[in-house]
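Data block below; observations after.
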Amino acid sequence: GQQVMQIPQYQHVQEGEDFTTYCNSSTTLSNIQWYKQRPGGHPVFLIQLVKSGEVKKQKRLTFQFGEAKKNSSLHITATQTTDVGTYFCAGPGGTSYDKVIFGPGTSLSVIP
Amino acid sequence: DTGVSQDPRHKITKRGQNVTFRCDPISEHNRLYWYRQTLGQGPEFLTYFQNEAQLEKSRLLSDRFSAERPKGSFSTLEIQRTEQGDSAMYLCASRENRNNEQFFGPGTRLTVL
Chain A
1 GQQVMQIPQY QHVQEGEDFT TYCNSSTTLS NIQWYKQRPG GHPVFLIQLV
51 KSGEVKKQKR LTFQFGEAKK NSSLHITATQ TTDVGTYFCA GPGGTSYDKV
101 IFGPGTSLSV IP
Chain B
1 DTGVSQDPRH KITKRGQNVT FRCDPISEHN RLYWYRQTLG QGPEFLTYFQ
51 NEAQLEKSRL LSDRFSAERP KGSFSTLEIQ RTEQGDSAMY LCASRENRNN
101 EQFFGPGTRL TVL
C-alpha cells in the first residue's frame, strides 16, 4: 500500500538555526498537506500544496512540492522556541481521495 | 467553542471491557475522520464519514472496532473487548466539503490495563 515517509525523525537545533524536514510518498500525490502538533496537543493544519513545483511561504516557513508530486519539504528559517513540535506531512491515500495518510513526523526541538 | 470536541478526554479500562468515544465535529463540516495515534507516530487512519455514510474503513481495523454517525452530526467509535494494544490516543477530525483542511479535536487517550 501507499507509504508516506519523513526524515529526519528527530532534529535538535539551536535557536536561530534553520530546520528542514523532508517528506516522500511511494505514489504520486494530488496534493500534500502539512500539520504541526505541539507537545501534548493535537495536529493543526498549516498548508496545502497542489501544483507540481509549488512553493508557498508563511512568514519563516517555506513549503515546497516536488516536480513529480511525490515529495515535499518544509523549511523553517531562524527557528524560535515557538516552533517546537512535530511536523507531519499528509496526502490522499490509495484509491480514495478523502482518505488521508500521515507520515510519521519530524520532531523538532529548539534549544534556547 | 466552535471547534471539534471529543469526550471523554481520558479513559482507563480493563482488558476485555468495551469502550465508546464521542466526537462532535464543527457543525457545518460534512466529513468526519477517526484516527489512532501512538507515541512517536503520525495519526493512523481508521475510518471516515461523509454525512452519515461510512465510506471507508482501514483494513488494519479489526472487527472489534465500529463507528457510527447516525444523523450526520456527532460520531461514536466503539471498541469491543479491548486489548492492551488498543492503548493510544484516538483523534477525531472534521472538514468541510470543498476544503481538505482537517480540524482535529483534542483526542481521547485510552489506557487498557
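Protein sequences, first through last, are from chains A and B.
According to our numbering, the stretch in the first sequence is residues 1 to 112, in order.
According to our numbering, the stretch in the second sequence is residues 1 to 113, in order.
From the three backbone atoms N, C-alpha and C, an ideal C-beta is built for every residue, glycine too.
Residue i classed as buried or exposed, judged by whether at least 16 other C-beta atoms fall within 10 angstroms
| i | result |
| --- | --- |
| Pro112 of chain A | exposed |
| Val4 of chain B | buried |
| Lys69 of chain A | buried |
| Glu113 of chain B | Rather than Glu, the amino acid found at residue 113 of chain B in this sequence is Leu. The residue is exposed, with fewer than 16 neighbouring Cβ atoms inside 10 Å. |
| Lys36 of chain A | buried |
| Ile76 of chain A | buried |
| Val55 of chain A | exposed |
| Lys99 of chain A | buried |
| Tyr35 of chain B | buried |
| Thr82 of chain A | exposed |
Helix, strand or coil at residue i [DSSP, three-state]
| i | result |
| --- | --- |
| Gln84 of chain B | helix |
| Ile26 of chain B | coil |
| Val50 of chain A | coil |
| Val44 of chain A | strand |
| Ser26 of chain A | coil |
| Lys14 of chain B | coil |
| Leu113 of chain B | coil |
| Gln3 of chain A | coil |
| Val4 of chain B | coil |
| Leu39 of chain B | coil |
| Glu44 of chain B | strand |
| Lys59 of chain A | coil |
| Gly9 of chain A | In the sequence under discussion, the amino acid at residue 9 of chain A is Gln, which differs from the Gly named in the question. If DSSP states are grouped into helix, strand and coil, Gln9 of chain A belongs with coil. |
| Arg38 of chain A | coil |
| Ser9 of chain B | Reading the sequence as shown, one finds Arg at residue 9 of chain B and not Ser. Three-state DSSP puts Arg9 of chain B in coil, outside helix and strand. |
Within chain A, the residues that residue i reaches when beta carbons sit closer than 7 Å
| i | result |
| --- | --- |
| Arg81 of chain B | Within chain A, no residue comes near Arg81 of chain B; the closest Cβ sits about 26 Å away, beyond 7 Å. |
| Leu77 of chain B | None at all; the shortest Cβ gap to chain A is about 16 Å. |
| Phe45 of chain B | Gly93, Lys99, Val100 and Ile101 |
is_contact[residue i, chain A] using C-beta, thresh 7 Å
| i | result |
| --- | --- |
| Gln41 of chain B | yes |
| Pro106 of chain B | yes |
| Asn100 of chain B | yes |
| Tyr90 of chain B | no |
Amino acids of chain A, ordered along the chain, whose beta-carbon sits closer than 8 Å to that of residue i
| i | result |
| --- | --- |
| Arg31 of chain B | Asp98 |
Contact with chain B by residue i, beta-carbon distance below 7 Å
| i | result |
| --- | --- |
| Phe173 of chain A | Residue numbering for chain A in the displayed model covers 1 to 112; residue 173 of chain A lies beyond these limits and cannot be assessed. |
| Gly91 of chain A | no |
| Gln48 of chain A | yes |
| Phe65 of chain A | no |
| His12 of chain A | no |
| Gly85 of chain A | no |
| Gly105 of chain A | yes |
| Pro43 of chain A | yes |
| Phe88 of chain A | yes |
Check: residue i C-beta below 6 Å from any heavy atom of the ligand ZN
| i | result |
| --- | --- |
| Ile32 of chain A | No copy of the ligand ZN occurs in the structure displayed, which carries no ligand at all. |
Neighbour list for residue i in chain B, Cβ cutoff strictly below 8 Å
| i | result |
| --- | --- |
| Asn24 of chain A | The premise fails here: Asn24 of chain A is roughly 14 Å from chain B at the closest Cβ pair, so nothing lies under 8 Å. |
Chain B contact residues for residue i, given Cβ-Cβ distances below 7 Å
| i | result |
| --- | --- |
| Asn31 of chain A | Asn100 |
What ranges does the beta strand (DSSP E) occupy inside the region 61–110 of chain A, keeping only unbroken runs of at least 3 residues that lie completely in it? 61–65, 71–76, 85–93 and 96–102
Kindly provide the ranges of any beta strand (DSSP E) runs that are 3 or more residues long and lie completely inside the region 53–108 of chain B, ordered along the chain. Along the region 53–108 of chain B, the beta strand (DSSP E) occurs as fully enclosed runs of 3 or more residues at 53–57, 65–68, 75–79 and 88–95, listed in sequence order.
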